[in-house]
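Report on one structure; see the data block that follows.
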Amino acid sequence: MDIEGIRELVEKETRLTCISISDPYVIKELVVDLAREFLHRRKRSFKVKPYVLFVFDEAQEFVPDLGGSSGIDKDCSKVVETLLRQGRKYGLGGCLATQRIAYLNTNALQQLHTYFVGTLPRPYDRTVVSDTFTIDKQILEKTLEFAPGEWLLSSFIATGMENVPIFIRADNAEAEVEKTLNRLT
């Protein structure tokens, strides 16, 4: 399937499209091409819907710090940063998931409006989060005590409180799936 086919699939036929490619070079090229294609088309047509959310798991692979990046890594990081910065106007959003925030492009991180912060065992990661998202370091120290499913949520848009993180607890997803399956059988 080519870029045009993927774009059509995402915009016309499905509600969820997952792309998993093991070759890091190929997946980064695809990210660069898809992000550019979506932004270009949306800008040209002034189209906002359907909303599209790009989710980058292991985000340090797609949005690495620009200082140590070159080639496809640098291209991918810059394109995802542009997507995060400009995409909102055109119904394109981004989600970055990582356990190694210290390795990410901080310019891209600053484009995000909502942050879920889990346990941060590395002091340097806590410093990066504090500096990037203006969250007090003492609050981030509390993440060391988090149990599975506990998070720090910071979002002016979602909470109406700028730079005031909220502690939240999410149900165990596996237990919820099992409960639902048991009800269905």
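Residue numbers (our numbering): 1104 to 1288. Backbone N, C-alpha and C fix where the C-beta goes; we use that ideal spot for every residue, glycine too. None of the values given here were measured: they were computed from a predicted structure.
Item: CA nearest to the CA of A1162, picked from Q1214, L1207, P1224 and E1253; Value: L1207
Item: Three-way DSSP call (helix, strand, coil) for Y1227 in this model; Value: helix
Item: Beta-carbon spacing of I1271, L1256 below 7 Å; Value: yes
Item: Same chain, Cβ closer than 6 Å to D1091, five either side skipped, listed in chain order; Value: This structure cannot speak to residue 1091, because the chain is shown only from 1104 to 1288.
Item: Sufficient close CB pairs (3 or more, under 8 Å) joining the segment 1190 to 1205 to the segment 1135 to 1155; Value: yes
Item: Within 7 Å, strictly: CB atoms of L1199 and T1235; Value: no
Item: At least three beta-carbon pairs within less than 8 Å, the segment 1249 to 1269 to the segment 1213 to 1228; Value: yes
Item: Check whether V1158 and S1180 have beta carbons under 7 Å apart; Value: no
Item: Runs of beta strand (DSSP E) lying entirely within the segment 1107 to 1195, each at least 3 residues, in chain order; Value: 1155 to 1160
Item: Inter-residue spacing [alpha-carbon to alpha-carbon] between I1124 and I1130; Value: 6 Å
Item: Contacting residues, own chain, Cβ-Cβ under 7 Å from I1269 (five flanking each side not counted); Value: L1256 and T1262
Item: Alpha-carbon spacing of D1126 relative to Y1154, whole angstroms; Value: 28 Å
Item: Assumed close pair T1209, L1223 - CB separation to whole angstroms, cut-off 8 Å; Value: T1209 to L1223, Cβ: 16 Å. No contact.
Item: Element boundaries [beta strand (DSSP E), containing L1255]; Value: E1253 to S1258
Item: C-beta contact flag for D1228 and I1204 at 7 Å; Value: yes
Item: Close beta carbons around E1265, own chain, < 8 Å, minus the five adjacent residues each side; Value: F1259
Item: Continuous beta strand (DSSP E) stretch holding T1217: start and end; Value: T1217 to V1220
Item: Enclosing beta strand (DSSP E) for R1272 [first to last residue]; Value: I1269 to R1272
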